[in-house]
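Taking it in order: structure first as C-alpha cells, then the write-up.
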Amino acid sequence: MSAQIGVTGLAVMGANLARNLARNGYTVALHNRSIEKTDVLLEKHGHEGNFVRTESLQELVDSLETPRRVLIMVKAGGPVDSVIGQLAPLLEKGDIIIDAGNSHYEDTRRREADLATKGLHFVGVGVSGGEEGALLGPSIMPGGSRESYDSLGPMLEKISAKYNDEPCCRWIGTDGAGHFVKMVHNGIEYADMQVIGEAYDLLRSGAGIEPAEQAKIFTEWNTGTLSSFLIEITAEVLAHTDATTGKPFVDVVVDSAGQKGTGRWTVVSALELGSPTSGIAESVFARGLSSQRDQRAQAQEILAGHEGSVALPETFVEDVRLALYASKLVSYAQGIDMLTAAAKEYGWELKLDEIASLWRAGCIIRAELLDDIMKAYATADGQPANLLLAPAFAESIAGALPAWRRVVSTAVQLGIPVPVFSASLAYYDGLRRRRLPAALTQGLRDLFGAHTYNRVDMEGTFHTLWGEDKSEIEAVDTH
Ligand code: 6PG
265 MSAQIGVTGL AVMGANLARN LARNGYTVAL HNRSIEKTDV LLEKHGHEGN
315 FVRTESLQEL VDSLETPRRV LIMVKAGGPV DSVIGQLAPL LEKGDIIIDA
365 GNSHYEDTRR READLATKGL HFVGVGVSGG EEGALLGPSI MPGGSRESYD
415 SLGPMLEKIS AKYNDEPCCR WIGTDGAGHF VKMVHNGIEY ADMQVIGEAY
465 DLLRSGAGIE PAEQAKIFTE WNTGTLSSFL IEITAEVLAH TDATTGKPFV
515 DVVVDSAGQK GTGRWTVVSA LELGSPTSGI AESVFARGLS SQRDQRAQAQ
565 EILAGHEGSV ALPETFVEDV RLALYASKLV SYAQGIDMLT AAAKEYGWEL
615 KLDEIASLWR AGCIIRAELL DDIMKAYATA DGQPANLLLA PAFAESIAGA
665 LPAWRRVVST AVQLGIPVPV FSASLAYYDG LRRRRLPAAL TQGLRDLFGA
715 HTYNRVDMEG TFHTLWGEDK SEIEAVDTH
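My numbering puts the first residue of the sequence shown at 265, with every later residue one more than the last.
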C-alpha cells in the first residue's frame, strides 16, 4: 500500500496531525526516531485509519506515492536541519518536505532556498491550535512554492478547522511566509493573553472580585464582541479550584510566565521591520519581568508604591471590558502592520483578508472579531492603511475610548501595572496626534550629529549651523 503522506516525529503534535490525516481518509506512513512511539500510536489509534509502519527514513520514503510528501514535526532549530539532512538525499526532484513546527521564518527561507537547488520543495507550515487542534482541525498557514501547494493544499485544507464550512488554510506566500504569519499569530497570542491578565488583575486587585466570580464575568464577556477561545478558557481556568488546598487554582500557580520564543521573535522582527509593535512587545516584556523572581522579591521589600485611593466608577467592570477590547484591537492592528511591512520587505503578496479568515477557527487567537477584521480587508474600495482606520473599528474604538482612558488612569493611581493597556493607548494616541515630539528629536539629532531634517513648509533637506550663526543650509539627506 503506498501512502499519500509520511509523518516523521511522533510526539503529541506529530502524532495528532498524523491521526487527523488518517481520519480524513489519507494513508499515512509513520516514522519516529525510536520505534516505540510509532508502535504506541498504532496500538492506541491504528483503527482510526490507514497507517504504514516504517522503521527508517528510507522505509518511510519508499512507502510514499510520488511526488512524495514528508511532514516533519520535530523541535524547531537544529533537529529540523538534522532530519532534513538525512531525508533530502533519499528524495527525488519534485518531492515535498513539510516543516509543520514553530520554526523561525528565516530558517525556513534558508532551508527553502537550499532545497530548491536540489529540486525539492520545502514548505514551512504554521500550525495553530495546540494538541487538540492538530487532531481535530488546526488553523494552517502554509508557505513555500505555489506549485507545492497544488499538491499539498487539498490535504491541508481537508484536515484544517472550518469556519462556516470554509477551510482555515490558505497558501500564504513563498518561502518563509507561512512561518512568518504563524509567528505574528503567536505575538498576538501573547498580547491577547496579557490583556486578559491585566483585566483580571484590575478586577481582582482594583475591584476585589474573586476568581470564581470573575469566571462568570468572563463567561458573560464571551457572548459579546470579546467572544474568543482565550476568553472562554480564561473563564474555565478562573473557575477551577485547586483540589489540594481548596484555593482558587490561579492562586496556587507561580506567577512567572514561560515562553518558548515565538513572541520574542515577533518583537525582534518588528524592530527590524520598523513596525511599532508596542503592545506585543510589552506582553513579551511582561513575561520577562514576571520571571525575574529574585529582583521582584527584593523590590517588594524596598520600592515605594505611594498608591492613590481611587473611587471606582460604577461602570468599572464594563470599563475594563472596553479597555480590554480596545487594547486587543490594537494588538491585531500592530500584528497586521507587521505583516504589511514584511510583505514589502520579503516580496510576499500577503492577503490580509485571507489571513484573518483562516484565524477565525482552529487557532489559539480565534475570535468573533476576526470575521470583522477579514471584512475590513476584503473591501473593494481600498484597504485601510491601519486596521484601526477601518470605519467599523474607528467607530467601535471611539466608543471604548473614554472607558479605556479611565481604566489606564485608575490603574496608574492604584499601582496596578497594565503595560499592554497603556502602551496600546499610547500607540492609539500617537497614531492620531497631529504633531509628535519627533520634531524635537530631529532638532536634537541635527544639533549633535548634523543628521538633517525636513521642513513642514518647503521641500528639501536642511541642516542648521548650530555651532556657528544658526543659519540654515540645504543639506544632503542623512536622516
Ligand atoms: C498555537 C500556539 C502554540 C504554542 C506556542 C506558544 O498556535 O497552537 O501558539 O504554537 O502555544 O508554542 O508557546 P509559548 O507561550 O511557550 O511561547
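For each residue, glycine too, the CB sits at the ideal point set by N, CA and C.
Short of 7 Å from the beta carbon of A597, and not among the five residues preceding or following it, lie these beta carbons of its own chain, in chain order: N650, L651 and L652. Here M638 is not bridged, per DSSP, to any residue. It is roughly 21 Å from the alpha-carbon of L321 to the alpha-carbon of N284.
Counting along the chain, P540 sits inside no alpha helix (DSSP H), nor does DSSP assign it H or E at all. For H727, the enclosing beta strand (DSSP E) begins and ends at F726 to T728. Taking a cut-off of 8 Å on C-beta distances, the region 270-284 touches the region 330-344, as three or more cross pairs fall below it. Beta-bridge pairing by DSSP links H443 to no other residue. Counted as a single uninterrupted DSSP element, the alpha helix (DSSP H) harbouring P655 occupies residues P655 to L678.
In the three-state DSSP reduction, H385 falls in the strand class (E or B). Put simply, the backbone Cα of L281 is about 21 Å away from that of D326. Per DSSP, the beta-bridge partners of K426 are P431. The residue from M447, E738 and K734 with its alpha-carbon nearest to that of G724 is E738. The beta carbon of Q523 sits closer than 6 Å to those of R551, all from its chain and outside the five residues before and after it, given in chain order. CA-to-CA, the gap between L400 and A425 works out to about 7 Å. DSSP places P406 within a strand segment (E or B) once states are collapsed to three. For I348 and D519, the gap between their C-alpha atoms comes out near 39 Å. Listed in chain order, the non-local C-beta contacts of M405 below 6 Å within the same chain comprise G390, I436, G442, V445 and K446, local neighbours out to five positions each way being set aside.
Scanning T302, V594 and N450 for the CA closest to the CA of G394 turns up N450. Membership of L335 in the beta strand (DSSP E) is indicated by the continuous run R333 to I336. Ligand 1 has no heavy atom closer than 7 Å to the beta-carbon of K615. With a cut-off of 8 Å on Cβ pairs, the region 497-517 is not in contact with the region 661-674, counting fewer than three such pairs. DSSP, read as helix, strand or coil, puts A631 in strand. Going by C-alpha positions, T318 is about 12 Å away from G273.
Per DSSP, the unbroken beta strand (DSSP E) holding H295 starts and ends at V292 to H295. By the C-beta criterion, the region 604-621 is judged not to be in contact with the region 697-717, since fewer than 3 inter-stretch pairs fall below 8 Å. In the DSSP assignment, G270 falls within the beta strand (DSSP E) that extends over I269 to T272. Here DSSP, grouped into helix, strand and coil, assigns G390 to strand. By the CB criterion at 8 Å, L324 and I361 fall outside the cutoff. Inclusion of G408 and V387 in the CB contact set at 8 Å is warranted, their separation being smaller than that value. Within the same chain, S542 and V594 come within 6 Å of Y691 by CB-CB distance, once the 5 residues on both sides are set aside. Burial state of L567 is exposed, judged by a 10 Å Cβ sphere holding fewer than 16 other Cβ atoms.
Per the coordinates, the alpha-carbon of P683 lies some 16 Å from the alpha-carbon of S555. The region 598-615 and the region 529-545 touch, with no fewer than 3 CB-CB distances between them shorter than 8 Å.
Listed in chain order, the non-local C-beta contacts of E613 below 8 Å within the same chain comprise G437 and A607, local neighbours out to five positions each way being set aside. Apart from sequence neighbours up to five positions away, the residues of its chain that approach E736 with a beta-carbon distance below 6 Å are F726 and T728, ordered along the chain.
One alpha carbon belongs to G342, the other to I299, and they sit about 21 Å apart.
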